[in-house]
Amino acid sequence: MKVDDVKVVGVLGAGTMGSGIAQVCAVAGYEVVLRDIEERFLERGLNTIKKSLSKFVEKGKISQDEMDSILSRIKPTTSLDDLENVDVVIEAIIEDMDAKKAIFKELNDIVKREDAIFASNTSTLSITEMASVTRKPENFVGIHFMNPVPLMKGVEIVRGLLTSDETLNFAIEFVKSLGKEAVVCKDSAGFISNRILMPWVNEGIWVLYEGIATKEEIDRGMKLFTNVPMGPLELADLIGLDICLAAIETLHKELGDKYKPCPLLKQMVRAGLLGRKTGRGFYDYTK
Ligand SMILES: NC(=O)c1ccc[n+]([C@@H]2O[C@H](COP(=O)([O-])OP(=O)(O)OC[C@H]3O[C@@H](n4cnc5c(N)ncnc54)[C@H](O)[C@@H]3O)[C@@H](O)[C@H]2O)c1
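Everything in the sequence shown is counted per numbering that gives the first Met the number 0, starting at 0 for the first residue and increasing by one.
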């Protein structure tokens, strides 16, 4: 399939990433079918999109009319059947292999277009394994956006064992059509981005856990020492602690002991302190 043939993009999951992906696709002119499992998650996702677009209006980057037409291109739904006419599907549901495989299996019988592209936004999980349950593994590819999606330019394109050259090139051209830049890598746990980033976040949590410094000092220090815009604990709160734990656990399982998750990260996820999305993580966002 050529990028010019794409009219409708299906996005699975209206959370942190799915809402951002839906937004950038609609901004680029695509029709978007945004699916989550409950109305309240769709509402939350659409509110996030509205807030983000309003900031672009305030800054004069888009007009109010443009914002309205962008929003009109996003069709929220709780029914997977509404994805029947999509050309591309980008999955951004929870970071769980069984859940992802289950949804791709269902889509095999729903999406009508024979040569539709199926893509996952997974942070760390195997693209090859997800592709194995789809009707055309050669049409499956990792399209890994960065958070916050509307602002981050880089997108990691992950080639599964059976991904075809055509699908890989499609993915590169597709992210270009969204105004973003593709970086290609092979299918290996954590790809480039999270193979390097997640141990950094996890290590920041270990430093806090071992009482070496306060959370504020860790974050302030890393910003001052390495010129990054956020320290590891602030970044964990932005990403979501459940997502960080799932990512580091995959790296641990696939690549060995040096990726062992910090017990404090596990405890915080058990306590429901997931970061910005729940109002509390390492920092309190409710005030
Ligand atoms: N948070 C990040 O910074 C980040 C960055 C890059 C990639 N990712 C990846 O993107 C994916 C989504 O992460 P997120 O941070 O947006 O998570 P999130 O928890 O914010 O959102 C996940 C959403 O998926 C929904 N969902 C669960 N099961 C579903 C299903 N069967 N069908 C449709 N929706 C379903 C949930 O209701 C929720 O709204 C994960 O694979 C994650 O690893 C996350």
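Yeah, the Cβ is synthetic: ideal placement off N, Cα and C, and Gly gets one too.
Here N120 is actually not in contact with L237; their C-beta atoms are around 16 Å apart, not less than 8 Å.
Short of 6 Å from the beta carbon of V154, and not among the five residues preceding or following it, lie these beta carbons of its own chain, in chain order: F144, V174, K179 and A181.
Annotation for T133: F103, N107, F117 and F139 place their beta carbon closer than 7 Å to its own, counting only its chain and skipping 5 residues before and after. Using a Cβ distance threshold of 8 Å, R194 and L272 do not count as a contacting pair. Ranked by Cα distance from D114, the options I204, A235 and S163 are led by S163. In the structure shown, the three-state DSSP call for D114 is coil. Looking at K50, G14 and R112, the one whose alpha-carbon comes closest to that of E90 is G14.
In the three-state scheme derived from DSSP, where H, G and I count as helix and E and B as strand, F144 is classed as strand. The secondary-structure analysis by DSSP pairs F139 across a beta bridge with F117.
Taken through DSSP and simplified to helix, strand or coil, G274 comes out as strand. Taking the C-beta atoms as reference points, L11 is found nearer than 8 Å to G17. Taking the CA atoms as reference points, T277 sits about 27 Å from K252.
For I156, the enclosing beta strand (DSSP E) stretches over residues G153 to R158. Between K6 and L234, the alpha-carbon positions lie close to 34 Å from each other. Leaving aside the five residues that flank R112 on each side, the residues in its chain whose CB is nearer than 7 Å to its CB run, in chain order, D86. According to the DSSP secondary-structure assignment, D283 is paired through a beta bridge with R279. Rounded to whole angstroms, the Cβ separation of G230 and I217 is 6 Å, and the two are in contact under 8 Å. In this structure, the alpha-carbon of V88 lies about 23 Å from that of M66.
For ligand 1, a non-hydrogen atom lies closer than 7 Å to the CB of D35. Burial check for Q22: the Cβ neighbour count within 10 Å reaches 16 or more, so the residue is buried. In this structure, the alpha-carbon of Y29 lies about 19 Å from that of K60.
Within 10 angstroms of the beta-carbon of N201 lie 16 or more other beta-carbons, which makes it buried. In chain order, E155, V182 and C184 place their CB closer than 8 Å to the CB of I191, counting only its own chain and leaving out the 5 sequence neighbours on each side. Within the segment 148-230, the complete beta strand (DSSP E) segments of 3 residues or longer fall at 153-158 and 180-185, listed in chain order.
When the five nearest sequence neighbours on each side are left out, the beta carbons in the same chain lying within less than 6 Å of the beta carbon of C261 are those of N201, I204, W205 and Y208, in order along the chain. A distance of 8 Å or more separates the beta carbons of M96 and L79.
Minimum Cα-Cα distance from K265 among the listed residues K1, G255, G239 and A130 corresponds to G239. Scanning its chain for C-beta atoms nearer than 6 Å, with the 5 sequence neighbours on each side dropped, one finds around A27 the residues S176 and L177, in chain order. L33 is bridged by DSSP to V10 and P75.
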